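Novice:
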Amino acid sequence: MSDRLAVRKTYKLYLGGAFPRSESGRTYEVTDARGHFLANAARASRKDARDAVVAARGAFAMWSGATAYNRGQVLYRVAEVMEGRAAQFAEEVAAGEGLSAGKARASVDAAIDRWVWYAGWTDKLAGVLGSSNPVAGPYFGFSVPEPTGVVAVLAPQRSSLLGLVSVVAPVLAAGNTAVVVSSLERPLPAITLGEVLATSDVPGGVANLLTGDAAELAPWLAEHADVDGIDLAGAPTPLAMELERSAAGTIKRVLRTPAEEPDWTADPGLSRMRPFLETKSVWHPIGV
Amino acid sequence: MTHVLDPNALDGAGSQDTAPGTPPEPFADVTRSGDAFRAFLHGLPGVDQVGAEIRAKVLGTRSIKTTAKAWAIDTAISMVDLTTLEGADTPGKVRSLAAKARRPDPEDLTCPSVAAVCVYGDLADVAKRALEGTDVRVAAVATAFPSGRASRAVKLADVRDAVANGADEIDMVIDRGAFLAGRYLDVFDEIVAVKEACGPAHLKVILETGELVTYDNVRRASWLAMLAGGDFIKTSTGKISPASTLPVCLVMLEAVRDFRAATGRQVGLKPAGGIRTTKDAIKHLVLVNETAGADWLSPDWFRLGASSLLNDLLLQRQKLRTGHYSGPDHVSVD
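First to last, the protein sequences are chains G and S. With positions in the first sequence counted from 1, the corresponding number in this note's numbering is that position plus 191. With positions in the second sequence counted from 1, the corresponding number in this note's numbering is that position plus 119.
Quick look at the structure:
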């Protein structure tokens, strides 16, 4: 038996590029799939969510203004750093989801591959979703996709890493900034993802990860006048309809909750990027 | 609640019974010579730096919520001197600022107007015309703002020009160079001369506390400005860092409180610069109430010099009214 003192980790939020505790000072117990204690995670409050929106809004100009190529490089860098942390991710996924080591590792690999896949999309979206429109006059008519703005993401409750990556990466790849509420019972991979994002050239505030209860935080985000879109992937079912209704008050883009948590290993296509892109059409005179 | 500025409130208190340049009793003779004045100012009790900082910090932790917060926000809005002091100021920008000053939240008619619009002297007439028929006053900075480095003749001409342009209030800067060199009587005489040049306009004396180095100097400068007849003392120009801080405000609030206790004359306080959030503003209100007292909790006696603060106050006000968080898309871009 080693006589070395244990170095215990404090599980914090990732907000504006820093790792604060919850403003409320609250924490909650995280257990593994069998109910054994894993960690005390921060339980984010509505004010943490508010601060996260301010951080995301502040980061939006830089992130959306970066070239698509640059965003792709930064996101690819995230995948590189995730790869280095794969063992830690696999351990957390195995404990939280009750998977065997092999299955957990396969899930982590799929998550990293998913991130790389989205990183590749940043500079292809304009080609696929944009167009040069036929117009009856001496003009060019172009339609180009542009990011919506600050997007609140309610991460899936069950798939704690692959599901999380599958909802966060598309929002960032499209050029939005994100306020993410993690799975309530399985938040540890989200905390580690925050540490990855902090060390991989992603500007502070572009992605903000809150651990806590979506049922508590989501209504504030859905009503928030400075949030432009909301992904309800992990919304508790009875609440989803209510959230959609409050989101309508400020005309947010809403990505609805599926009836059941989908199989995240399936090819997502553009379904999670398109909802958080606005199409801008411009007319331009044809030069001589 | 809405504060209506009482135009006589300052006139009564600001006018002096004695000849200009004579401090009120019992301090009438402290300016008889430079040495006497220095002895008086240096005889003021020293400021306990650690104590002042802790006191300001502790008062900043008060939790102000719900109805008290709503009152504080409206009070703070009515105390704002909405300021634009840029080289790039245009008449159009001043007019849009004036429009915002009279009706800060166009969607909500219950929102009070701000106390004043603060501009450079040459734009005071634009602000004056844009604010006709309202209680919002026009404040103009003068005396070679912000450095104060010009001859007295130029400074006085600057003041007269701003008053002629319609300024109701003049924000002057003291000569920090003279103050730091210990030529207190020069600074005193200059404030007296500016006060005279102001005529009916109220005089705010900017101490630029960020350049005064110590709290003791802040206390001395505060007394100096009040003895010279300033209607308000103001912390900073907002052009240098550090601008206004809570401990500095605390020291100045103690000064205005002690001055009224000694002479019966009430002087206002205007912190300026660095107050950006509703939380900052509420901390200042708490400090005023706990230090000088509730008599100062009115736009006649306390102002907040700010530009971006107003938008944050409006966002918080919208949050209280609607129950959900608002965003910068819902206030004007200044």
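The beta carbon of each residue, even a glycine, is placed where N, CA and C say it ideally should be. Fair warning: this is a prediction, and the values are worked out from it, not measured in the lab.
What are the residues in the region 225-247 of chain S lying within 9 Å of chain G by C-beta distance?
Specialist: none
Novice: Determine the closest residue to Gly385 (chain G) out of G:Leu401, G:Gly256, G:Arg377, G:Glu376, with distance taken between C-alpha atoms.
Specialist: G:Leu401
Novice: Measuring only between beta-carbons, confirm whether Trp411 (chain G) sits less than 9 Å from chain S.
Specialist: yes
Novice: At 9 Å on the CB atoms, spell out the chain G contacts of Ser445 (chain S), in chain order.
Specialist: His415, Ala416, Asp417
Novice: Output needed for Ala243 (chain S): all residues of its chain with C-beta closer than 7 Å, excluding positions within five of it in sequence on either side, in chain order.
Specialist: Taking Ala243 (chain S) as the centre and dropping the five residues before and after it, the same chain places the C-beta of Val257, Ala259, Ala281, Asn284, Gly285, Ala286 closer than 7 Å to its C-beta, in chain order.
Novice: List, in order along the chain, the chain G residues whose C-beta lies closer than 8 Å to that of Asp448 (chain S)?
Specialist: The CB of Asp448 (chain S) comes closer than 8 Å to the CB of Ala416, Asp417 in chain G, given here in chain order.
Novice: With 9 Å set as the bound, which would you pick, yes or no: does the beta-carbon of Val342 (chain G) sit closer than that to a beta-carbon of chain S?
Specialist: no
Novice: Between the region 365-373 of chain G and the region 411-430 of chain G, do at least 3 Cβ pairs fall closer than 8 Å?
Specialist: Segments in contact, yes.
Novice: Could you tell me which of S:Asn430, S:Ala175, S:Gly153, S:Leu163 sits nearest to Val367 (chain S), measuring between CA atoms?
Specialist: S:Ala175
Novice: In terms of DSSP beta bridges, what is Cys237 (chain S) paired with?
Specialist: The partner list for Cys237 (chain S) (beta bridge, DSSP) reads S:Thr202, S:Ala258.
Novice: So, under 8 Å CB-CB, Val233 (chain S) and Arg338 (chain S) are touching, yes? Tell me the CB distance rounded to an integer number of Å.
Specialist: Going by Cβ atoms, the distance from Val233 (chain S) to Arg338 (chain S) rounds to 29 Å, so no, they are not a contact pair.
Novice: Whose CA, out of S:Val273, S:Cys317, S:Asp254, lies closest to the CA of Asp200 (chain S)?
Specialist: Measuring from the Cα of Asp200 (chain S), the nearest candidate turns out to be S:Asp254.
Novice: In the region 241-253 of chain G, which residues sit with their C-beta less than 8 Å from some C-beta in chain S, listed in chain order?
Specialist: Arg241, Val244, Arg248
Novice: Could you tell me whether the Cβ of Ser255 (chain G) comes closer than 9 Å to any Cβ of chain S?
Specialist: no
Novice: Using beta carbons (cut-off 9 Å, strictly below), is Gln437 (chain S) in contact with chain G?
Specialist: yes
Novice: Does the pairing of the region 398-407 of chain S with the region 194-208 of chain S give three or more beta-carbon distances under 8 Å?
Specialist: Contact holds: three or more Cβ-Cβ distances are below 8 Å.
Novice: Using C-beta distances below 6 Å, list every residue in its chain close to Lys238 (chain G), excluding the 5 sequence neighbours before and after it, in chain order.
Specialist: Glu214
Novice: By Cβ distance, which residues of its chain are closer than 6 Å to Gly289 (chain G), with the 5 residues on each side in sequence left out?
Specialist: Ala224
Novice: Using alpha carbons as the reference points, say which of S:Ser360, S:Trp342, S:Ala413, S:Ser445 lies closest to Phe378 (chain S).
Specialist: S:Trp342
Novice: Give the DSSP-derived three-state secondary structure of Ile382 (chain G) in the structure shown.
Specialist: helix
Novice: Do the region 374-394 of chain S and the region 350-360 of chain S make contact, defined as three or more Cβ pairs closer than 8 Å?
Specialist: yes
Novice: Would a check of beta-carbon distances place Gly179 (chain S) closer than 9 Å to chain G?
Specialist: no
Novice: Quick one: residues in its chain with C-beta nearer than 6 Å to the C-beta of Ala250 (chain G), no 5 flanking neighbours on either side, listed in chain order?
Specialist: Excluding residues up to 5 positions away in sequence, Thr368, Pro394, Gly396, Val397 lie with their Cβ nearer than 6 Å to the Cβ of Ala250 (chain G) in the same chain.
Novice: With a cut-off of 9 Å, does the C-beta of Gly442 (chain S) fall near any C-beta of chain G?
Specialist: yes
Novice: Which of the three DSSP states is assigned to Ala398 (chain G) in this structure?
Specialist: strand
Novice: Going by C-alpha distance, which of G:Glu433, G:Gly354, G:Tyr205 is nearest Thr390 (chain G)?
Specialist: Comparing Cα positions, the closest option is G:Tyr205.
Novice: Using a threshold of 9 Å, state whether the C-beta atoms of Pro302 (chain S) and Gly267 (chain S) are closer than that.
Specialist: Before going on, a small fix: residue 302 (chain S) reads as Arg here, not Pro. No, the pair does not count as a contact, with Cβ atoms beyond the cut-off.
Novice: Does the count of Cβ pairs from the region 344-353 of chain S and the region 382-389 of chain S closer than 8 Å reach three?
Specialist: yes
Novice: Taking its Cβ as the centre, do 16 or more other Cβ atoms sit within 10 Å of Arg262 (chain G), making it buried, or is it exposed?
Specialist: buried
Novice: Taking Pro453 (chain G) as the reference, give the member of G:Thr222, G:Gly354, G:Glu435, G:Glu282 with the closest Cα.
Specialist: G:Gly354
Novice: So the beta strand (DSSP E) Glu288 (chain S) belongs to, where does it begin and stop?
Specialist: 288-292
Novice: If we call anything under 9 Å between Cβ atoms a contact, is Asp417 (chain G) one with Val341 (chain G)?
Specialist: yes
Novice: Quick check on Ser437 (chain G) - is its C-beta less than 9 Å from some C-beta in chain S?
Specialist: yes
Novice: Around the C-beta of Tyr330 (chain G), are 16 or more other C-beta atoms found within 10 angstroms, so that it is buried, or is it exposed?
Specialist: exposed
Novice: Given this structure, state the Cα-to-Cα distance separating Arg157 (chain S) from Phe421 (chain S), to the nearest angstrom.
Specialist: Straight-line Cα distance between these residues: approximately 28 Å.
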